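Notes follow the structure.
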């Protein structure tokens, strides 16, 4: 089981359950779920 996250200056983001879902989120511009705020 894997999950893909991203961290930037605005917080932590959940991109998807796997690399395919994460890439689809990034390529299509879908708003990912924010896990924390800065």
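Numbering (my numbering), first residue to last: -2 to 35.
All C-beta atoms in this analysis are idealised placements derived from N, C-alpha and C, irrespective of residue type, glycine included.
Please read all numbers here as calculations on a predicted model, not as lab measurements.
Quiz item: Shortest alpha-carbon distance to residue 1 belongs to which of 15, 21, 24?
Solution: Out of 15, 21, 24, 15 has the C-alpha closest to the C-alpha of residue 1.
Quiz item: Are there 16 or more other CB atoms within 10 angstroms of the CB of residue -1, so buried, or fewer, so exposed?
Solution: Per the 10 Å Cβ criterion, exposed.
Exercise. Could you check what DSSP says for residue 15 in three-state terms: helix, strand or coil?
Key: Coil at residue 15, not helix or strand.
Exercise. State yes or no: is the C-beta of residue 9 within less than 7 Å of the C-beta of residue 33?
Key: Between residue 9 and residue 33, the gap from beta carbon to beta carbon is short of 7 Å.
Exercise. Decide if residue 25 is buried, meaning its Cβ has at least 16 other Cβ atoms within 10 Å, or exposed.
Key: Exposed, by the Cβ-count rule.
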